[in-house]
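Protein chains in written order, with the numbering used here: chain P, 437 to 708; chain R, 437 to 708; chain Y, 70 to 328; chain L, 70 to 328.
Following: one structure in structure tokens, then a few remarks.
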Amino acid sequence: MPSFLPLPAAVEALIRDGDTVALEGFTHLIPFTAAHEIIRQRRRNLTLVRMTPDLVYDQMIGAGCASKLVFSWGGNPGVGSLHRLRDAVENGWPNPLALEEHSHAAMANAYSAGASGMPCAFFRGYLGVGLPDVNPNIRFVSCPFTGETLACVPAHRPDVAVIHAQKADQAGNVLLEGIVGVQKEAVLAARRSLVTVEEIVDSLNPASPNSVILPSWTITAIAPSPGGARPSYAHGYYSRDNSFYVNWDAISRDRASFTEWMNENVHARRTA
Amino acid sequence: MPSFLPLPAAVEALIRDGDTVALEGFTHLIPFTAAHEIIRQRRRNLTLVRMTPDLVYDQMIGAGCASKLVFSWGGNPGVGSLHRLRDAVENGWPNPLALEEHSHAAMANAYSAGASGMPCAFFRGYLGVGLPDVNPNIRFVSCPFTGETLACVPAHRPDVAVIHAQKADQAGNVLLEGIVGVQKEAVLAARRSLVTVEEIVDSLNPASPNSVILPSWTITAIAPSPGGARPSYAHGYYSRDNSFYVNWDAISRDRASFTEWMNENVHARRTA
Amino acid sequence: MNYSANEMMTIAAARALSDRDVCFVGIGLPSAACNLARLTHAPNLVLIYESGAIATRPSVLPLSIGDGELCRTALTTVSVPEMFRYWLQGGRVTVGFLGGAQVDRFGNLNSTVIGEYSRPKVRLPGAGGATEIATSCGRIFIVMRHHPRAMVRKLDFLTTLGHGPTGVERRQLGLQTAGPTLLVTDLAILEPDPVTKEFTVTSLHPGVTREQVRANTSWDVIFAEPLQETALPTALELETLRDLNARTAEAHGAAPALT
Amino acid sequence: MNYSANEMMTIAAARALSDRDVCFVGIGLPSAACNLARLTHAPNLVLIYESGAIATRPSVLPLSIGDGELCRTALTTVSVPEMFRYWLQGGRVTVGFLGGAQVDRFGNLNSTVIGEYSRPKVRLPGAGGATEIATSCGRIFIVMRHHPRAMVRKLDFLTTLGHGPTGVERRQLGLQTAGPTLLVTDLAILEPDPVTKEFTVTSLHPGVTREQVRANTSWDVIFAEPLQETALPTALELETLRDLNARTAEAHGAAPALT
């Protein structure tokens, strides 16, 4: 059974400097409010894992939380570059950022392998391309039956997974619905997990017997956080604030405007 | 888009002597009516693949359809032995039956690998036990990162998968609900697929955006077959006929009573 | 209250489960023991069936591991590949229950064949989930009836690894899980010796003699000192088990064969 | 009707899709082309987005591949690991659309860095799904604007395999999929030579000259003989595309950057 905690206490309890942390959510259900709390608590030297480091990691990287990024696509979807990510990689601001770079297929399989208790993931991939030359965590094995060359990457086993979900019940079971991404895998792969939720309800009342549910004993802490995915969205609750994603391009383009925005919108605010 | 066919025409079109055929359904949604049609059409030398060859394969094996069985648990769940399977293995009646024997984990992973376009499946398993000595399709590889010994089996790629489902819509999309077993994987792993359904509806109206649905273009043929899982069950339609499972023990125990039952209940009947 | 040896066996197995356990449940005796525990001292016990049902709370015992009752009363139901990958292999199960046609003194099990594999005298059901349940669950409880043909010196086939043919192979393979820690029969409770891993009788059920256990065990069975006597079934345990069995018999039209 | 070069590019890409295709769709130009095809000549075209949405029918173009509109209008939505395992790697996609910062004459793509990998001048987004889309889909359509910095002699980094650095590596790797079969730009349509696999201009868009194409291609581009002229956009194509873009702009509060 997870602990029900206010978000600041949950971040305080679960996330330590130097941890490997995966905040997941594939466009949908991105745990922005949790990320802001991590920024406010000034966590440092995190290894951040995420398939699509978009605005949420641009903010954390620009705020100086991360020393390494494990990822497969870093951009502002449909808008352009992540300027804070680029500034860290190209100019080392506010600190250098090491990259461990994969493809989406590798990342998705690595989470799935972590959830499965496997040491590594095998898939068809990475043939004839450059990433294996720059990432020693990409290797190849032969199928013992056909001889086919298969790619292999280590399983993701983050210290902490952080996700946002629609609902938790009083017993601590969590329901996800819509675009579910790799969040279930991230939680099952991690040593500890923090789930922020739109609401805590008496019963999940899942729509289907096969609804996507994380049972209570797979979760370390639950923090209520209505709107916790904004400016991302929560299926059934609120829509994506597309204009914020477009505006982020200008806000994040230079260090001063970024810093000002973060001071006003993150550091000056307290989470309930 | 699949063909909508009466069951006899679908079996005629999709299943040939010598094929590797997987009828799946894990207690729930077992495609008995399709199996009976295969028996009536006197298919021979089939390689039958199934995690749990229970009554449905006991009937097909006793009827002489199979020359090989790929499986992980062959019994009458909660009741006892499969007498026709045992008679084939122990005495070669009505014909010898070769066995390729796995564990459930291997079978489930092999279907998943087949659905994934992989040549083989890797998992933690088969350590220190006897099956690898009697099944050359069980091999071991080392994780290239940790050196851990992992089991490897070939992916299942049956010629035909046969499953039963609750509903198809007019476009040929199929909904499964409840205990969904390995049926989706079996269909995606197979070259051809036959789905019998309780009913054909205008719209699937899935309960959840994440409901288990097989899209039309993954299915070769759909045959309406209300009650097509009996004496197994269909979640939302009818319950399992547990007494038939108990009674099967006596029916199947000797060749004469089995043959008589099959003549009366399978051969003498026609599917609509 | 009077009780049968089977009832004693099921109750003794149920008592070994705690309120914090997550159990991978097979059909028959394990299912009865797990649900009895859930309905008595361990209301938060989580039951997982390999058909995909997670945190299920059946009001009657399933005849098969995929009964509709399991899905209807589950928190959620996942596919079988997910069950074996994310839940079993993922290390999320604390206790796995196993049985078999034969067990040896080191908790290795045979559910494959009696006789030679290629020319079996009796073809048994096969491994099912057992092979990987035995290596993925935190610990394994074995529940079997005491009989010389079941408690054997040497297995005809090693379907499922206990502590290994000589008690050391499991450790040598580097497995991180404990393997069999309990063997409950209709006569006694056996636990592995901490050093040799040989199953040793640690408790006799009330009224059972050492001689009965010896006569029904094909290996030279060792008794712990001091030897315990299993506590009598309580009225609550017996009533709960009988209610469960009665509801089950009514629902299935007949008593499940193994309870 | 007047039309822009971007509109011509999107329309030419849309025409290459048939009613029987199953498309793995990226954001921006591919999404516009695929949805235009679905709304005109290919109503049964199946669109799959890597976020998990299968057979989706968005009425506005998504700004990201995980927009709620994709899930709401999908037949079903699966997890991202399932998407990459069962759907993409499973070989169930006939056409994958790709773009990138750089393409070479053999259809290899760079979306990783400009400059050296360890000290990049420009850090680009990275591979995303492209690496395995390129090898798992039946064939690949590339859609990019014609520009000398985009159509390069040599990639700074090989993110995504086309036919390989010299046009033969893909075959040598034994891949069973066709790789890039079409490159649509705002100036022309290019197709690989059947033997050398070099992308060759097979059709110029109306009003475009060979000189324009040469000036915007860094390699010595070859023109097929006879060279075709791309058919003008029809009124239906233009109106459908503009309606789609107008609905999209209204829904998002601004026009998506790439359409």
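For glycine and all other residues, C-beta sits at the position ideal for the given N, C-alpha and C.
C-alpha distance - residue i paired with residue j, whole-angstrom precision
i	j	result
S644(R)	G137(L)	14 Å
V565(P)	Q158(Y)	32 Å
L482(P)	V457(P)	7 Å
A625(R)	A551(R)	4 Å
N531(P)	S503(P)	7 Å
F507(P)	N571(P)	12 Å
P234(Y)	H703(R)	49 Å
L305(L)	V129(L)	17 Å
G207(L)	T250(L)	10 Å
V172(Y)	V485(P)	46 Å
S693(R)	A524(R)	16 Å
P555(P)	N545(P)	12 Å
Below-8 Å beta-carbon distance, residue i vs any chain P residue
i	result
T145(Y)	yes
S148(L)	yes
A124(Y)	yes
M192(L)	Reading off the sequence, residue 192(L) comes out as Arg, not Met. It does: the Cβ of R192(L) has a partner Cβ on chain P nearer than 8 Å.
D173(L)	no
Y118(Y)	no
Residues sharing a beta bridge with residue i, DSSP
i	result
P249(Y)	I209(Y)
E536(P)	V506(P)
Y669(R)	H464(R)
R628(R)	V596(R)
Y674(P)	A670(P)
K603(R)	L611(R) and E635(R)
A657(P)	S439(P) and L630(P)
I183(Y)	V191(Y)
S272(Y)	I258(Y) and Q297(Y)
A122(L)	T146(L)
T585(P)	S578(P)
I134(L)	Per DSSP, none; premise fails for I134(L).
Secondary structure of residue i, DSSP reduced to three states
i	result
A704(P)	coil
H579(P)	Note that residue 579(P) is Cys in the sequence shown here, rather than His. Note: C579(P) maps to coil in three-state DSSP.
M220(Y)	strand
F175(L)	coil
C140(L)	helix
T469(R)	helix
G165(Y)	strand
V264(L)	coil
F226(L)	coil
I291(L)	coil
E319(L)	helix
R192(Y)	strand
Y72(L)	coil
C501(R)	coil
R478(P)	coil
G516(R)	strand
Residue i at chain Y interface by Cβ criterion, 8 Å
i	result
I655(R)	no
L624(P)	yes
W509(R)	yes
Residue-level contact to chain R via CB, residue i, 8 Å cutoff
i	result
G608(P)	no
P555(P)	yes
L327(Y)	The predicted position of L327(Y) is uncertain, since its pLDDT is 42 and thus under 50; a value taken from the coordinates is nonetheless stated next. Answer yes: the Cβ-Cβ gap between L327(Y) and chain R drops below 8 Å somewhere.
S73(Y)	no
S647(P)	yes
R627(P)	no
Exercise for review: Could you tell me whether the stretch 124-141 of chain L touches the stretch 175-188 of chain L, where touching means 3 or more Cβ pairs closer than 8 Å?
Suggested key: no
Review point. If we count Cβ pairs, one from each stretch, closer than 8 Å, do we get three or more for the stretch 624-643 of chain R versus the stretch 592-608 of chain R?
Key: yes
**Study point:** Contact between the stretch 77-91 of chain L and the stretch 103-116 of chain L (3+ Cβ pairs under 8 Å)
**Key:** yes
Point to revise | Stretch pair the stretch 282-293 of chain Y + the stretch 310-321 of chain Y: three plus CB contacts closer than 8 Å | key: no
Practice item. May I ask you to verify whether the stretch 238-257 of chain L touches the stretch 70-79 of chain L, counting CB pairs closer than 8 Å and requiring at least 3? Key: yes
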